[in-house]
Amino acid sequence: MALSSLKQLERYHVERAQALLGSIPRGKLFPSESPDFITRRKARNFGIEVVRYTVPTKAGERPPREQASLRRQVAQAAQALAERMNLPAVRVAIRFTRRALHRRQIPELAAAVAQAVGSAPHSASGVMELPRGNRTPLPRVISSILIHSREFITDHLWYSADGGISAPVTTNEIQHCIDLKARLKSRYRLSVPRVWLLIVVEGFTVASFGTVNEDVLAHTYHAPFDGVALLDNAHDQCWALPLLR
Numbered sequence: 001m002a003l004s005s006l007k008q009l010e011r012y013h014v015e016r017a018q019a020l021l022g023s024i025p026r027g028k029l030f031p032s033e034s035p036d037f038i039t040r041r042k043a044r045n046f047g048i049e050v051v052r053y054t055v056p057t058k059a060g061e062r063p064p065r066e067q068a069s070l071r072r073q074v075a076q077a078a079q080a081l082a083e084r085m086n087l088p089a090v091r092v093a094i095r096f097t098r099r100a101l102h103r104r105q106i107p108e109l110a111a112a113v114a115q116a117v118g119s120a121p122h123s124a125s126g127v128m129e130l131p132r133g134n135r136t137p138l139p140r141v142i143s144s145i146l147i148h149s150r151e152f153i154t155d156h157l158w159y160s161a162d163g164g165i166s167a168p169v170t171t172n173e174i175q176h177c178i179d180l181k182a183r184l185k186s187r188y189r190l191s192v193p194r195v196w197l198l199i200v201v202e203g204f205t206v207a208s209f210g211t212v213n214e215d216v217l218a219h220t221y222h223a224p225f226d227g228v229a230l231l232d233n234a235h236d237q238c239w240a241l242p243l244l245r
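Heads up, the sequence shown is in my numbering, so the first residue is 1 and it goes up one at a time.
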């Protein structure tokens with residue numbers, strides 16, 4: 001049976017953690033529900049549960065994951081418009097400001113982006129930035145548009161450029177990730193007697209920006225698991241966290 005895109009992503013994260021960290025159970029992964037995967041090591045079954053770190057929502061702000069989703073939808077809708085307008089195939093990175101997006105804005109924003117790209121001088125080979133200003137009247141939630149034109153580009157690819165300075169991940173946030181899954185420990189152990197938790201800091205979207213520092217790695221966490229691993233996906237690093245069971 002084909003795995004969902006989320007399950008495929010979780011499998012990728014587990015396989016990267018297995019490759020980077022020798023102490024995490026290795027072996028063929030069997031998809032499960034609770035925990036997410038079961039693997040066999042030295043004639044013993046282990047469970048591996050995956051939890052994704054999410055940047056906490058600050059007071060008065062919209063949830064980061066919601067904002068990341070809305071930004072992707074703007075880019076996808078703008079690309080669809082560009083294809084219907086028969087614009088030359090390009091790569092387009094849309095840079096957003098910190099202003100909150102709302103779902104009702106998607107059609108208007110997508111139309112503005114597609115119009116700006118369509119009105120820009122086309123180059124067969126080069127990179128062009130369209131900053132918001134008098135020459136490019138972009139909506140206030142968009143700071144600029146970066147257009148990549150190359151002769152070998154034959155299909156459109158429009159996306160949200162969520163780059164920016166990331167805040168440090170805190171020990172409290174990691175403990176919160178552990179606590180969320182610790183509540184389900186009895187359910188996991190119905191399937192397997194030993195369970196590891198994998199915390200994933202993806203790092204590629206506004207919802208998952210985070211810098212892993214030494215304080216996070218040195219702190220001792222309360223956890224009912226046989227092990228807790230922290231995967232820094234953006235930097236391809238993985239650590240086993242100190243535990244107090």
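Think of the CB as a built atom: it goes at the ideal place given N, C-alpha and C, for glycine as much as any other residue.
Residue i - partner residues in DSSP beta bridges
i	result
D232	V201 and Q237
R95	S144
T211	P168
E49	L197
Candidates the options, of which the one nearest residue i by Cα
i	options	result
Q8	S23, Q105, R95 and L29	L29
Y12	P242, L231, R40 and R189	L231
R99	Q73, P88, S143 and A120	S143
P131	T97, A111 and L101	T97
L190	D179, N45 and L109	N45
Extent of the continuous beta strand (DSSP E) run through residue i
i	result
P131	G126 to P131
Closer than 8 Å to chain C by CB, residue i
i	result
P193	The chain inventory of the structure shown lacks chain C, comprising one protein chain alone.
Segment limits, alpha helix (DSSP H) that includes residue i
i	result
L157	Careful: L157 lies outside any alpha helix (DSSP H), inside the beta strand (DSSP E) at L157 to S160.
R187	K185 to Y188
I106	I106 to S119
Cβ neighbours of residue i in the same chain (closer than 6 Å, five flanking residues each side left out)
i	result
W158	A75, A78, Q79 and V92
R95	S143, S144 and A161
A114	A78, L81 and A82
Same chain, Cβ closer than 7 Å to residue i, neighbours up to 5 away in sequence not counted
i	result
I165	Model confidence at I165 stands at a pLDDT of 48, short of 50, so the residue's coordinates are unreliable; what they give is reported in the following sentence. Correct list: empty, nothing qualifies.
L101	Q67, L70, R71 and V141
P56	E173
A17	I24, L198, A229, L231 and C238
C177	V51, Y53 and I199
V215	Checking the sequence shown, residue 215 turns out to be Asp, not Val. Excluding positions up to five away in sequence, the list reads T171.
Near the ligand NAD: residue i beta-carbon under 7 Å from a heavy atom
i	result
H122	Absence of the ligand NAD is noted for the structure shown, with no ligands found whatsoever.
Nonlocal neighbours in the same chain, by C-beta distance under 8 Å from residue i, ignoring five residues either side
i	result
R187	S34
V117	A78, A82, L87, V90, V92, L130, I145 and I147
K185	V195, P224 and F225
I106	L70, Q73, V74 and A77
E108	P139
A234	V201, E202, G203 and F204
Discussion item. For the pair the stretch 75-90 and the stretch 38-49, tell me if three or more CB-CB distances fall below 8 Å.
Written reply: no
Fill in: At least 3 beta-carbon pairs within less than 8 Å: the stretch 216-224 vs the stretch 233-243
Judged by Cβ distances under 8 Å, the stretch 216-224 makes contact with the stretch 233-243, as three or more pairs qualify.
Discussion item. With three or more C-beta pairs closer than 8 Å as the rule, is the stretch 38-46 touching the stretch 18-26?
Written reply: yes
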